[in-house]
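I have placed the structure first, in the form of structure tokens, so that the comments after it can refer back to it.
In our numbering, the protein residues as written are 6 to 266.
See the structure below:
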């Protein structure tokens with residue numbers, strides 16, 4: 006397990022307000038270093054028209070939804086002892102994909118040699134998660150600092166067969182690699198590491214998840230009994246990534262030929 010290791014800082018990259026806590030809230034709460042959750046799509050929507058998800062959560066406007074989720078995230082981060090940063094990028098549900106370049110600047114500001122960085126694996130089909138993952142790994146490879154781990158995105162991961170059971174790691178290694186093809190091709194992946202949270206760690210994560218009150222109803226419809234004591238959120242899956250510049254990143258191949266990569 007990587008919790009308990011004295012990293013100077015832990016940075017969790019979260020595509021949306023709840024992703025990091027749902028996915029690795031137990032791990033984050035157990036870490037000994039200073040913890041920061043960077044929410045990528047944490048900005049105000051370009052207009053006030055609510056998304057379908059906003060309406061399911063009971064909001065009449067996008068602004069009200071974004072404001073409420075920001076407040077909920079600050080509370081959840083407080084429960085697990087994490088600081089927070091909300092980048093000014095609107096959720097992809099509100100329009101054409103927005104640039105997430107601000108994430109690169111945030112990582113440059115907060116990641117040092119002794120930083121552990123947790124990045125969404127993109128085991129789902131959500132474009133926001135894939136853009137976040139690819140941007141974060143590109144930035145970290147170019148910076149050549151920090152230790153990167155991918156995490157299985159929740160609640161999407163728990164909808165897969167065998168999640169939380171004996172077949173979970175095989176599922177991660179065989180099935181999800183297809184959804185993480187750019188990562189596997191350019192970095193390779195070791196076997197998945199599955200963490201089963203203790204009752205004490207789960208109790209803290211459970212309180213943090215409950216802070217996202219506006220989304221619990223729709224999430225339960227989507228993911229079933231995800232808040233159960235022996236439910237899917239008590240299992241967290243991570244992969245360590247060996248970062249290196251590759252031709253996947255513009256300019257990396259040229260730098261390598263020059264002996265600088």
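C-beta: ideal position from N, C-alpha, C; glycine also.
Counterpart residues of residue i in DSSP-defined beta bridges
{"i": "residue 41", "result": "16, 88"}
{"i": "residue 198", "result": "243"}
{"i": "residue 80", "result": "Paired residues: none, contrary to the question."}
{"i": "residue 209", "result": "Residue 209 is not bridged to any residue."}
{"i": "residue 214", "result": "None; residue 214 has no bridge partner."}
Beta-carbon contacts of residue i that lie in its chain and below 6 Å, excluding the five residues immediately before and after
{"i": "residue 138", "result": "124, 125, 127"}
{"i": "residue 14", "result": "38, 39, 120"}
{"i": "residue 23", "result": "217"}
{"i": "residue 181", "result": "128"}
{"i": "residue 204", "result": "none"}
{"i": "residue 212", "result": "84"}
{"i": "residue 118", "result": "150"}
{"i": "residue 77", "result": "216, 217"}
{"i": "residue 112", "result": "144"}
Span of the alpha helix (DSSP H), counted from its first residue to its last, around residue i
{"i": "residue 26", "result": "24-35"}
{"i": "residue 228", "result": "221-228"}
{"i": "residue 141", "result": "132-148"}
{"i": "residue 59", "result": "57-61"}
Three-state secondary structure assigned by DSSP to residue i
{"i": "residue 50", "result": "coil"}
{"i": "residue 117", "result": "coil"}
{"i": "residue 153", "result": "strand"}
{"i": "residue 6", "result": "Legend: pLDDT at residue 6 = 45, less than 50; position of this residue unreliable, no value from coordinates given."}
{"i": "residue 188", "result": "helix"}
{"i": "residue 123", "result": "strand"}
{"i": "residue 97", "result": "helix"}
{"i": "residue 72", "result": "helix"}
{"i": "residue 257", "result": "Residue placement at residue 257 cannot be trusted, given a pLDDT of 40 that sits under 50; what the coordinates show is reported in the next sentence. Three-state DSSP puts residue 257 in a helix."}
{"i": "residue 107", "result": "helix"}
{"i": "residue 160", "result": "coil"}
{"i": "residue 237", "result": "helix"}
{"i": "residue 112", "result": "helix"}
{"i": "residue 65", "result": "coil"}
{"i": "residue 248", "result": "coil"}
{"i": "residue 263", "result": "Low confidence applies to residue 263: its pLDDT is 39, below 50, so where it sits in the model is not reliable, and the reading given next is rough at best. Correct three-state label for residue 263: coil."}
Residues of its chain near residue i, where Cβ-Cβ distance is below 7 Å and the 5 sequence neighbours each way are ignored
{"i": "residue 71", "result": "49, 50"}
{"i": "residue 227", "result": "160"}
{"i": "residue 132", "result": "97, 102"}
{"i": "residue 34", "result": "85, 86, 206, 209, 210"}
{"i": "residue 224", "result": "160, 231"}
{"i": "residue 201", "result": "239, 240"}
{"i": "residue 30", "result": "85, 210, 213, 214"}
8 Å CB neighbourhood of residue i in its chain, flanking five on each side removed
{"i": "residue 79", "result": "89"}
{"i": "residue 99", "result": "50, 51, 52, 54, 56, 67"}
{"i": "residue 116", "result": "14, 16, 122, 145, 148, 150, 151"}
Distance cut-off 7 Å: residue i Cβ against heavy atoms of the ligand NAP
{"i": "residue 103", "result": "Looking for the ligand NAP in the displayed structure turns up nothing, as the structure carries no ligands at all."}
Query raised in the report: Are the segment 191-205 and the segment 62-73 in contact at 8 Å, needing three or more beta carbon pairs?
Result: no
Query raised in the report: Are there three or more Cβ pairs, one per stretch, closer than 8 Å when the segment 180-188 is compared with the segment 14-24?
Result: no
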